[in-house]
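In order, the protein sequences belong to chains A, B, C and D.
Quick note: the first sequence uses my numbering, first residue 3, plus one each step.
Quick note: the second sequence uses my numbering, first residue 3, plus one each step.
Quick note: the third sequence uses my numbering, first residue 3, plus one each step.
Quick note: the fourth sequence uses my numbering, first residue 3, plus one each step.
Glycine included, C-beta positions come from ideal geometry on N, C-alpha and C.
Okay, structure first, notes after.
4 protein chains.
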Amino acid sequence: MRTLDEEKRERIGNAAIRLINTIGFADVSMSKIAKKAGVATSTIYLYFDNKQDMLNKLYLMVRSDFSYALRKGYVSSLPVEDSMRGIYFRIIKYFEENPHHSSFMEQFASSALIHGINREEEAKYFHFLVQLIDRGIQGGLLKNTSTSTIGAFLFYPIVHRIHQHQVEGLKMSRIEKERIFTMMWDAIKN
Amino acid sequence: MRTLDEEKRERIGNAAIRLINTIGFADVSMSKIAKKAGVATSTIYLYFDNKQDMLNKLYLMVRSDFSYALRKGYVSSLPVEDSMRGIYFRIIKYFEENPHHSSFMEQFASSALIHGINREEEAKYFHFLVQLIDRGIQGGLLKNTSTSTIGAFLFYPIVHRIHQHQVEGLKMSRIEKERIFTMMWDAIKN
Amino acid sequence: MRTLDEEKRERIGNAAIRLINTIGFADVSMSKIAKKAGVATSTIYLYFDNKQDMLNKLYLMVRSDFSYALRKGYVSSLPVEDSMRGIYFRIIKYFEENPHHSSFMEQFASSALIHGINREEEAKYFHFLVQLIDRGIQGGLLKNTSTSTIGAFLFYPIVHRIHQHQVEGLKMSRIEKERIFTMMWDAIKN
Amino acid sequence: MRTLDEEKRERIGNAAIRLINTIGFADVSMSKIAKKAGVATSTIYLYFDNKQDMLNKLYLMVRSDFSYALRKGYVSSLPVEDSMRGIYFRIIKYFEENPHHSSFMEQFASSALIHGINREEEAKYFHFLVQLIDRGIQGGLLKNTSTSTIGAFLFYPIVHRIHQHQVEGLKMSRIEKERIFTMMWDAIKN
DNA sequence: AATGAATGAGGCTTCATTCAT
DNA sequence: CATGAATGAAGCCTCATTCAT
Numbered sequence: 003m004r005t006l007d008e009e010k011r012e013r014i015g016n017a018a019i020r021l022i023n024t025i026g027f028a029d030v031s032m033s034k035i036a037k038k039a040g041v042a043t044s045t046i047y048l049y050f051d052n053k054q055d056m057l058n059k060l061y062l063m064v065r066s067d068f069s070y071a072l073r074k075g076y077v078s079s080l081p082v083e084d085s086m087r088g089i090y091f092r093i094i095k096y097f098e099e100n101p102h103h104s105s106f107m108e109q110f111a112s113s114a115l116i117h118g119i120n121r122e123e124e125a126k127y128f129h130f131l132v133q134l135i136d137r138g139i140q141g142g143l144l145k146n147t148s149t150s151t152i153g154a155f156l157f158y159p160i161v162h163r164i165h166q167h168q169v170e171g172l173k174m175s176r177i178e179k180e181r182i183f184t185m186m187w188d189a190i191k192n
Numbered sequence: 003m004r005t006l007d008e009e010k011r012e013r014i015g016n017a018a019i020r021l022i023n024t025i026g027f028a029d030v031s032m033s034k035i036a037k038k039a040g041v042a043t044s045t046i047y048l049y050f051d052n053k054q055d056m057l058n059k060l061y062l063m064v065r066s067d068f069s070y071a072l073r074k075g076y077v078s079s080l081p082v083e084d085s086m087r088g089i090y091f092r093i094i095k096y097f098e099e100n101p102h103h104s105s106f107m108e109q110f111a112s113s114a115l116i117h118g119i120n121r122e123e124e125a126k127y128f129h130f131l132v133q134l135i136d137r138g139i140q141g142g143l144l145k146n147t148s149t150s151t152i153g154a155f156l157f158y159p160i161v162h163r164i165h166q167h168q169v170e171g172l173k174m175s176r177i178e179k180e181r182i183f184t185m186m187w188d189a190i191k192n
Numbered sequence: 003m004r005t006l007d008e009e010k011r012e013r014i015g016n017a018a019i020r021l022i023n024t025i026g027f028a029d030v031s032m033s034k035i036a037k038k039a040g041v042a043t044s045t046i047y048l049y050f051d052n053k054q055d056m057l058n059k060l061y062l063m064v065r066s067d068f069s070y071a072l073r074k075g076y077v078s079s080l081p082v083e084d085s086m087r088g089i090y091f092r093i094i095k096y097f098e099e100n101p102h103h104s105s106f107m108e109q110f111a112s113s114a115l116i117h118g119i120n121r122e123e124e125a126k127y128f129h130f131l132v133q134l135i136d137r138g139i140q141g142g143l144l145k146n147t148s149t150s151t152i153g154a155f156l157f158y159p160i161v162h163r164i165h166q167h168q169v170e171g172l173k174m175s176r177i178e179k180e181r182i183f184t185m186m187w188d189a190i191k192n
Numbered sequence: 003m004r005t006l007d008e009e010k011r012e013r014i015g016n017a018a019i020r021l022i023n024t025i026g027f028a029d030v031s032m033s034k035i036a037k038k039a040g041v042a043t044s045t046i047y048l049y050f051d052n053k054q055d056m057l058n059k060l061y062l063m064v065r066s067d068f069s070y071a072l073r074k075g076y077v078s079s080l081p082v083e084d085s086m087r088g089i090y091f092r093i094i095k096y097f098e099e100n101p102h103h104s105s106f107m108e109q110f111a112s113s114a115l116i117h118g119i120n121r122e123e124e125a126k127y128f129h130f131l132v133q134l135i136d137r138g139i140q141g142g143l144l145k146n147t148s149t150s151t152i153g154a155f156l157f158y159p160i161v162h163r164i165h166q167h168q169v170e171g172l173k174m175s176r177i178e179k180e181r182i183f184t185m186m187w188d189a190i191k192n
């Protein structure tokens with residue numbers, strides 16, 4: 003019973019995420035999600051309180067999934083640069099392997115829907131990264147600026163470029179990935 | 003008869019943009035826009051063909067406005083670094099002065115709505131920037147990578163940080179702006 | 003001035019009639035009529051009180067036009083059969099020359115719009131025909147039944163067949179016209 | 003869950019047909035139909051795809067019902083005249099018992115709405131009649147003309163007269179029915 | 001006389017959610 | 001647990017008509 007439950011919840015969630023990326027937030031309806039998930043519309047309400055609740059939960063699920071993927075293999079004893087490098091390439095890996103999730107995160111984050119999302123719970127997921135960056139700044143390895151700013155350079159340029167490639171149906175070469183890492187590192191290193 | 007009123011068209015457009023930023027794309031309706039603009043719903047249809055047409059036109063308007071603001075004062079004879087610096091600070095200025103526009107652009111770009119937007123027309127707006135970056139690469143001043151990648155470092159980190167500040171109701175200090183410029187420059191310079 | 007007026011009124015009327023036949027009563031709007039007639043929507047209201055008034059007037063206009071065409075050349079001194087024959091072929095001629103009018107009459111008559119039409123005024127148009135039929139009955143030439151019944155045989159079969167031909171884009175042969183006249187005459191003659 | 007209710011589908015259909023006869027095609031709206039049927043407007047969409055689909059289905063339903071009523075009791079071994087007589091009186095019976103259906107058929111057929119109706123499927127309903135008429139022509143009993151022409155005399159005069167009576171709130175006498183049958187028969191017989 | 005902008009009402013349809021099975 | 005029928009609210013858009021020029 004338990005298994006069946008969770009499998010169905012996931013099917014609904016995946017249907018929702020895929021639909022949002024395909025036709026956009028504004029055009030996604032509960033009935034379309036239900037049809038794509040192969041369940042009755044009202045069944046969704048057994049797993050989620052309502053539409054807003056569902057979207058919020060999906061977002062947090064994806065965020066958690068994403069942060070888990072970044073943290074995987076992270077060893078706090080490694081040198082900062084090696085750790086940053088690992089995270090950087092895990093970002094790429096995740097976005098390449100989960101294009102739907104990445105696009106969903108982007109749409110959700112930039113939509114006005116994040117209202118009501120528990121931002122503190124969100125922050126928790128990336129706490130390990132905050133600590134790593136702080137260690138780098140404290141050790142004089144990274145420029146002395148806010149964590150957020152370092153994070154902005156770590157994330158946004160590469161994420162944007164991957165997204166561009168995906169939209170155009172291209173794959174990013176290993177060389178370009180390395181080149182962007184170098185640029186990012188030049189930006190944040192002292 | 004009365005003549006079609008450009009002031010009214012603008013009022014409708016502004017109402018739409020503000021609403022989108024306030025309540026999000028998905029929840030904006032023509033009637034809400036009309037109410038905020040102080041016109042009848044049907045009046046909107048005298049100025050725009052339909053909702054999609056309206057959003058597209060608004061997006062292109064804002065993009066054009068934005069690119070115009072960036073280009074303003076740009077002199078192609080100046081050294082590349084000075085020009086980049088000028089553009090960088092005009093980005094900040096624009097986003098600080100037009101928070102609604104910036105947020106609208108972001109939401110629109112990341113939503114599934116860009117379908118049907120003439121991407122080539124869009125590219126035209128930023129042609130001067132592409133040329134500037136190419137000049138920098140050709141002259142050996144900038145790293146030898148794609149224009150898009152350079153652009154990604156020029157735009158995204160700072161835009162994201164400004165957005166963060168705006169959401170939190172803070173103003174970014176001159177020092178941080180300079181610091182982020184340095185980081186950006188470290189990233190792209192050879 | 004007078005001329006210009008009437009010419010425009012007719013342009014509007016023709017546009018309306020054609021549109022109704024093309025897209026049907028339910029989908030005809032004042033603005034579509036105006037566009038087809040090449041005038042402003044509000045201009046229609048200078049010539050007609052409102053939509054209903056316009057349709058009624060058009061109907062009566064067409065009816066009058068039709069009855070005039072049937073009466074044309076009618077000489078009360080001629081034998082009944084010759085007169086009937088003349089009318090029968092003028093019906094055909096009119097419907098062939100004015101397919102839009104015929105279709106409009108049919109749609110209008112069978113729609114619920116005839117409510118409010120002055121049926122007595124309508125009857126007036128066809129008074130000469132009533133008299134002719136009565137004469138035929140009185141003289142023992144025609145079967146002793148109601149005028150309406152005689153009229154029904156005179157009109158409906160041939161009109162329906164012409165309509166069928168028009169829908170299928172065909173022309174009715176002289177032979178078939180004669181054959182149907184014979185059938186009609188067999189039906190009504192004593 | 004509750005199962006889709008055929009009784010309700012019929013209630014909606016009847017409400018639509020009655021309304022069309024009362025206020026006309028052009029003025030019938032889904033909300034008026036819903037109100038008359040005692041359901042929510044949106045409920046109609048559980049039973050029909052959209053308005054056009056509904057009207058088409060109603061038309062085909064009525065046509066089928068009508069043709070079934072005419073065919074009922076038809077025995078192909080009977081003499082042609084007897085069969086024609088039977089059909090003629092079943093036409094009258096049907097139109098007297100189902101005044102709404104008859105008026106609906108007429109309005110629908112003459113409106114521009116028949117677009118999209120499968121005319122071949124429609125023809126199928128009346129195939130037995132075509133065969134009967136052909137038999138009469140072949141046997142030399144009926145005049146040698148097209149089936150459509152024979153059909154036009156069989157249907158239109160009597161249908162029109164019944165309609166006239168209904169509009170005026172009168173009943174047609176047995177004598178007049180017989181008289182019109184005689185006229186019809188005189189028209190088509192050899 | 002003629003125009004086209006403006007509008008409130010209403011059109012068709014879909015939505016999120018609840019109900020009854 | 002799961003379903004799909006049912007609904008009132010709301011969506012986008014068009015309409016007939018009037019207003020201001």
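Restricting attention to N192/C, V169/C, E170/C and F157/C, the CA atom closest to the CA of K179/C is found in F157/C.
With its beta carbon at least 8 Å from every one in chain D, I94/C lies outside the interface. Within chain B, the residues whose beta carbon sits less than 9 Å from that of I190/A are M185, D188 and A189, listed in sequence order.
In the DSSP assignment, A36/A falls within the unbroken alpha helix (DSSP H) covering M32 to A39. Around I182/D, the beta-carbon contacts reaching into chain C at under 7 Å are T151. The distance from the Cβ of H129/D to that of N23/D is about 28 Å, inconsistent with a contact at the 8 Å cut-off.
For D67/C, the enclosing alpha helix (DSSP H) has its first and last residue at K53 to R73. Within 9 Å of the CB of T147/B, the CB atoms of chain A belong to E178, R181, I182 and M185, in sequence order along the chain. Rounded to the nearest whole angstrom, the C-alpha separation of A111/C and A125/B is 59 Å. DSSP lists L144/B as the beta-bridge partner residues of K191/B. Between the stretch 61-70 of chain D and the stretch 87-106 of chain D, the count of C-beta pairs closer than 8 Å reaches three or more; the two stretches touch.
When secondary structure is reduced to three states using DSSP, G171/C falls in the coil class, being assigned neither helix nor strand. Counting only Cβ-Cβ distances below 7 Å, A28/A has contacts in chain B at F27 and A28, in chain order. Nearest Cα to I19/B within the set V41/B, S44/B and M56/B: M56/B. Within the model, the alpha-carbon separation for V77/A versus G40/B is close to 59 Å.
Judged by DSSP in its simplified three-state form, T5/B adopts coil rather than helix or strand. At least one C-beta of chain D is nearer than 8 Å to the C-beta of H162/C. The C-beta of A125/B comes no closer than 8 Å to any C-beta of chain A. Taking the Cα of M174/C as reference, the smallest distance to any Cα among D188/D, S150/D and G171/D is reached at S150/D. Sorting S148/D, K53/D and I164/D by C-alpha distance to the C-alpha of I182/D places I164/D at the top.
DSSP places I119/C in the coil class of the three-state scheme, outside both helix and strand. DSSP places D84/B in the uninterrupted alpha helix (DSSP H) bounded by V82 to E99. Rounded to the nearest angstrom, the gap between the Cα atoms of K191/C and M185/C is 10 Å. For Y47/A, the enclosing alpha helix (DSSP H) begins and ends at T43 to Y49. Against E122/C, chain D offers no close residue; the least beta-carbon distance is about 14 Å (beta-carbon pairs closer than 7 Å). By the 16-neighbour rule on beta-carbons within 10 angstroms, G138/B is buried. At a cut-off of 8 Å between beta carbons, Y158/A contacts chain B.
Within chain A, the residues whose beta carbon sits less than 9 Å from that of S113/B are G26, F27, A28, Q109, S112 and S113, listed in sequence order.
Closest by C-alpha distance to T45/C, out of R87/C, S31/C, E122/C and R11/C, is R11/C. By the rule that beta-carbons nearer than 8 Å mark a contact, F106/D does not touch chain C.
Distance from the Cα of E9/C is smallest, within the candidate group Y49/C, G26/C, I25/C and A28/C, for Y49/C. Residue-level contact by beta carbon holds for Q166/B and chain A, with a gap shorter than 8 Å. Counting only Cβ-Cβ distances below 7 Å, A154/C has contacts in chain D at P159, H162 and R163, in chain order.
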